[in-house]
Amino acid sequence: MLEHDVLIVGAGLAGMRAAVAAHERGANVAVISKVHPVRSHSNAAQGGINAALTDRGDDWTDHAFDTVKGSDYLADQDAIEVMCSEAGDDIISLEHMGVIFNRDEKGHLGTRAFGGQQKARTFFVADFTGQAILHVLYEQLMESKVKVYEEWFVLSLIIEDGECCGVTAIEMATGRVYVIRAKTVIMCTGGVGRLFEPSTNGLIVTGDGMALAYRAGAPLMDMEMIQYHPTTLKGSGVLITEGARGEGAYLLNKSGDRFMEKYAPNMMELASRDVVSRAGQTEINEGRGIDGCVLLDCRHLGEKLIKERLTEILSIGRDFAGIDIIKEPIPIRPGMHYIMGGIKSDIDGKTSIPGLYATGECACVSVHGGNRLGANSLLDTVVFGRRAGHHAAEVSKQMEYKKFDVTSQIKKAEMDLQKLLDRDNVGERWANVRTDLGVEIDKHFGVFRTESGMQSLKESLTGFKARYDNCSVQDKGRIFNTDLIFTLELGYMLDCAEAITLSGIERKESRGAHSRIDYPQRDDDNWLKHVLVTKTAEGPLLTHLPVTITSWEPQERKY
Amino acid sequence: MKYALFAGCVSRGGCPELYPATLKVCQKLGFFLDELHERGATCTGAGVLQEKNQFLGDVFNARTFAIAESIGLKIMTICSTCQGVMSQANKRLKENPEYLAKVNGYLADEGLEYKGTAQPRHLLWILIEDVGIEKLKTYVTQPLTNLRVAPFYGCYIIRPSDALEFKLHPEREDSLERVMEALGADVVDFPGKTRCCGFPILTINEKNSVSMVAKHTSEVKDLGADAMVTPCPLCHLNLDGYQPKAMQQSQQNINMPILHLPQLLGLAMGFDAKELGLSRHIISAKKVLSKVGIPA
Amino acid sequence: MQVNISIKRHNPSAPDNNTYWEDFDLSMHDTASVLDALIKIREDVDGSLSVRCSCRSAICGSCAMRVNGHAKLACNTKLSDVIDADGRVTVEPAGVMPVIKDLVVDQTLFWDKVKQISPWLQPDGPEPEGEYIAPNSAMMDLAGVMNCIMCGACVSDCTVLEIDKDFIGPAALAKAYRFVNDPRDDQTKSRLIELNEKTGIWDCTRCFECVEVCPKGVAPMERIMSLRESAMEQGLDQTVGARHADAFTDSVAHSGWLNELLLPLKTFGMFNLGAMMGLAPIGLRALLRGKMPSIFHRSVPNVHRIRRIVKKIEENE
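In structure tokens:
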């Protein structure tokens, strides 16, 4: 019987940080991931990780305020206080583990400027910070010999008497189904970017954890808060780091004007992401773009700086757009990038289901509210990943493994899989459905939204579900059957789509990333609250929770 | 056509047949050769010296380039390893003016200065780029019809491709096959042609080195080749000299003759076995000679 | 753009003939990558094609495979750069590692080698309260290796691993460089002692395959050469490889040329009779064929100039 005190689903930054933390506390830990840990999408985080270090004249309360303001006052301030006050220690412990942060001339950790913040407090490794941290956390995992179920795909959470006590999963290399029993399960599965077409997210980002928790009865919170990144590459939609603007790059329209002057005269290109994305999209919509794009201009930064600090986008420009960013501006457009919402969880990662935790992008603590600041996502993963790991490890010490009928769990999962494989080859392919769904949701859930658009999306979801139920899997084998896995993922994405659409329709105001043409103003009187969706036997149930406010009363938001 | 010949150590040392064969062929092609070793040029370092002291290697190579510049001639190499090491050094010297100045500081005593104009090229490339394939065909008096030959490049004339300027000269990538075809031979293509012969680790891990010899020679034998031809004397040392050991270690009867590129050229130009030093190989080249119709 | 993509497939569930080539004719955008073509096949043509991929921007390291016989990331390889005049390109799984299905290989060997070099930071003594102080230049040098995405392209095409699976190999040795040169790590010497063993840094043939195929500019072989230099600097100069480099350098520094006859003597040690006897039959055969290097090692003309340069560099650098 495979069993662990703490079972972590997902091996990105949040998952591996949680694993290291739980291992530290003496728990029997395992990580299960549908890809090898270093393939996780945390890799794609380029620019850096925020922390206000007091020994260089910064104050965590300033960082907290910038985060509150960035969130458009939707984030819970008690959670933000935890994140920002613990950030410094977490950066230092990453450095002690071996992360090779860029340094200043004295050999101390160096910083760069990032959007929506008054101070340069973003620590970085060139422009591959996510990768640099991810690989170091995996080094820690190798050292601690934590068990990793590599390329195992989770099929369901096992809930007994209302408590989470393990998962069923398929080992992709063999196609066999297993039950892994666990005292605690931490979901660290990341976002749901692939629901949108295009998106900056990798193909593996399909909302598995959110959907698994949703199916198990945990509420999803603020799912309408989808972040569009201001600078994604024309065509492929590959991310161009905010670090470029942090280093001083300009945004230009077709006349060569720095259009941010109109939208955020103080912060210019470094306003919050929602603000910059709306500005870019408005320029494009009003005919001041070039071929559906605006331009990101790095030329004046000079070859030396670009080659030292922006190496990744130098090669992205070369390989994916045929552009030398030292000599030419980059055509970019806002592109779907991140989801602020997720599985409702608290500052220790606990969800409404005992034994089930969630942290990282798949969770909503909430520290990002209506709009996440650049370089706060990595911070979120390491602070709350660590906290969840510690908490789950401590709790599991006091617990026994729950008894349940393992055989019937496996049997049921096997049967479901076989039914899917046995469908005639006449049905539609998952890829068709997913692409159509992505285009549809991008159309109605873009930078700007309307009631009618979201309502029509809601109606079309019924059709997409019907098409999904009729999908057939062409690969009938069991070994490394990605055709089967992708089909299952599409099911997860449809659940997320439902929660996103319903939350979007529910929130009748414009706040953060949720920009409604029919309700253009923020409405604190009615909507200074979270929107939650819970799956019930009677269908999805919408509820609200108040926003926790500690020190910062909502104000008008200007950059 | 005039060239500054950089013959390297092995063509006059471990493979003494290569040097005279080269001179013969070049004479036939009407090349005037000014020999750099007579002017005090040193070994390139072969990548081995570079392990210990890359800077010293770069100074030595800059010195050779400066000598060639001083006589106003382009450098011709006849060894893939010399070619690669020189190209790599040249890239470092040319892309960084500060570095070049520092290196030149060590040449000043002799009144030498490397100005960055050298373009060392292997005879193989010169055949294509200066002589031209069509012209080369006119030198063939004894077409190598029916001779099945497998190419074996040697790492350093293939990689790293940027130092070797493959982007500027895409024809370099399959230069050996094109020359072999021009001589009338049948090319036996095989994936190992750009792999390592094993020579650099011969003294370190002989078993692995010899395994590489066995792999490549047996592979082309299975494909029906009569011989392998290489522009690299170090590859020749291993593929030829250690083939008996390779046969022993892999328990196969291989006996694959290994020819230097100038020897293959020489055969097609009508030189005899003795002039080309073909009797000096460990693995007998008699089969090749009889197939071409030249007395052994 | 019309392309014909020929894929080496492997279906482990089929009883026999389960490895075969299959051709697909596709119409692709001019800027499409090899991965775009593979995704199109699995989405629109044949769902049973297995290929690992995620980020599509050369950062996750999932899609290393052989394109036209050489390892590449499928995602940053443009079709237009690799198709021939008839629009054809071949795609195979990565080399060295066993195939699970189609283009998916078992990377256990790859990771076992990484684990072999104890790939985690090992400082001595208590941790400082704040960060370790380290020069930015040292960190940026390491960034050139941390940049490695562990795709396995170098392992796939390594000429040594092809014939000897015990070699630690390019990726793991590049990773070792990252710790040996990390100013925060205190196991430099013991790491070098291990890397100096058989299957370590001296088993590399310096063939440049890994440098050529690395999609991230990590240049593993250059890192291995640097590790050799570090090992010799640390006094680990008694391996055959180190003595070879020493003897070679001595010969060139002394005479301007390589003294091939003395090289084996110095490399194996003057009194290493076993190794010298091992060389004897080769030497004897070579002598019989007139292939033995001239016993009188002649210096280049004006060799004093060479010696002067060597002396000066030794003094200054």
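Residue numbers (this note's numbering), protein chains in the order written: chain A, 36 to 594; chain B, 846 to 1141; chain C, 15 to 331. Think of the CB as a built atom: it goes at the ideal place given N, C-alpha and C, for glycine as much as any other residue. Computed from a prediction, not measured in an experiment: that's the story for all the values here.
Counting only C-beta atoms, is I73 of chain C closer than 9 Å to chain A at any point? yes
Counting only beta-carbon atoms, is G144 of chain C nearer than 9 Å to chain A? yes
Verify whether the separation of the beta carbon atoms of H1061 of chain B and L863 of chain B is less than 9 Å. In terms of Cβ geometry, H1061 of chain B and L863 of chain B do not form a close pair [threshold 9 Å].
State the Cα-Cα distance for the pair D113 of chain A and I382 of chain A, rounded to the nearest angstrom. Taking the straight line from one Cα to the other gives about 9 Å.
Length of the line joining the Cα atoms of R458 of chain A and V508 of chain A: 7 Å
Would you say the beta carbon of L187 of chain C comes nearer than 8 Å to a heavy atom of the ligand SAM? Within the structure as shown, the ligand SAM is missing, as the structure has no ligands at all.
Is the CB of G1111 of chain B under 9 Å away from at least one CB in chain C? no
Does any C-beta atom of chain C lie closer than 9 Å to the C-beta of K511 of chain A? yes
For E140 of chain A, count neighbouring C-beta atoms within 10 Å of its own C-beta (all shown protein chains included) and say buried if the count is 16 or more, exposed if not. exposed
If we cut at 9 Å on Cβ distances, does D138 of chain C have a partner in chain A? Under the Cβ criterion of 9 Å, D138 of chain C is not counted among the residues facing chain A.
Looking at chain C, is there any beta carbon in it that lies within less than 9 Å of the beta carbon of L274 of chain A? True, the Cβ-Cβ gap to chain C drops below 9 Å.
To the nearest angstrom, report how far apart A122 of chain A and S128 of chain A are at their CA atoms. 10 Å
Can you confirm whether L938 of chain B, when its beta carbon is compared against all beta carbons of chain C, has any partner nearer than 9 Å? no
DSSP three-state assignment for P865 of chain B, whether helix, strand or coil: helix
Counting pairs of Cβ atoms below 8 Å between the segment 334-346 of chain A and the segment 201-209 of chain A, do you hit three or more? no
Chain D contacts made by the segment 550-566 of chain A, where a contact means CB separation under 9 Å: Protein chains in the displayed structure are A, B and C, and chain D is not among them.
Collapsed DSSP secondary structure at F294 of chain A in the structure displayed: Reduced to three states, the DSSP call for F294 of chain A is coil.
Where does S204 of chain C land, buried or exposed, given buried means 16+ other C-beta within 10 angstroms? exposed
Mind checking if K129 of chain C is an interface residue toward chain A, Cβ cutoff 9 Å exclusive? yes
Just checking my contact of E304 of chain A with R280 of chain A at CB under 8 Å: how many whole Å lie between their CB atoms? With a Cβ gap of about 4 Å, E304 of chain A and R280 of chain A count as contacting.
Excluding the five sequence neighbours on either side, which residues of its own chain have a C-beta within less than 8 Å of the C-beta of I1139 of chain B, listed in chain order? Closer than 8 Å at the Cβ level, and outside the excluded window around I1139 of chain B, lie Q987, L1112, D1117, A1118.
Mind checking if A259 of chain C is an interface residue toward chain B, Cβ cutoff 9 Å exclusive? yes
If you follow the alpha helix (DSSP H) that D22 of chain A is part of, which residue opens it and which one closes it? Given that chain A is displayed from residue 36 to residue 594, the structure contains no residue 22 of chain A and the question cannot be resolved.
DSSP three-state label for W970 of chain B, please. helix
Please classify C871 of chain B: does DSSP put it in a helix, a strand, or coil? helix
Can you find a CB in chain C that lies within less than 9 Å of the CB of H58 of chain A? Cβ-Cβ to chain C under 9 Å: no for H58 of chain A.
In whole angstroms, what separates the C-alpha of V81 of chain C from that of S94 of chain C? 12 Å
Taking just the CA atoms, how far does I348 of chain A sit from I1002 of chain B? 32 Å
Does the beta-carbon of D33 of chain A have 16 or more other beta-carbons within 10 angstroms, so that it is buried, or is it exposed? Missing from the structure shown is residue 33 of chain A; chain A here goes from 36 to 594 and no further.
Would you please verify whether the beta carbon of I215 of chain A is less than 9 Å from any beta carbon of chain C? no
Could you work out which residues of chain C lie near G997 of chain B, taking near to mean beta carbons separated by less than 7 Å? Looking at the sequence itself, residue 997 of chain B is Phe, so the reference to Gly does not match. Near F997 of chain B there are no residues of chain C at all, since even the closest Cβ is about 13 Å away, more than 7 Å.
Identity of the residue in C:K212, C:N210, C:R220 nearest F1044 of chain B by Cα: C:R220
Considering only residues of the same chain and omitting the five flanking positions on each side of E282 of chain A, which have a CB-CB separation below 7 Å? R147, L336, L340, R344, L345
State buried or exposed for A267 of chain C, treating a residue as buried only when at least 16 other CB atoms are found within 10 Å of its CB. buried
To the nearest whole angstrom, what separates the beta carbons of A78 of chain C and C162 of chain C, a pair I think is in contact under 8 Å? Actually they are not in contact, since the Cβ atoms of A78 of chain C and C162 of chain C sit about 12 Å apart, beyond 8 Å.
Give me the Cα-Cα distance between G165 of chain A and S1056 of chain B, rounded to the nearest whole angstrom. Rounded to whole angstroms, G165 of chain A to S1056 of chain B spans 42 Å at the Cα level.
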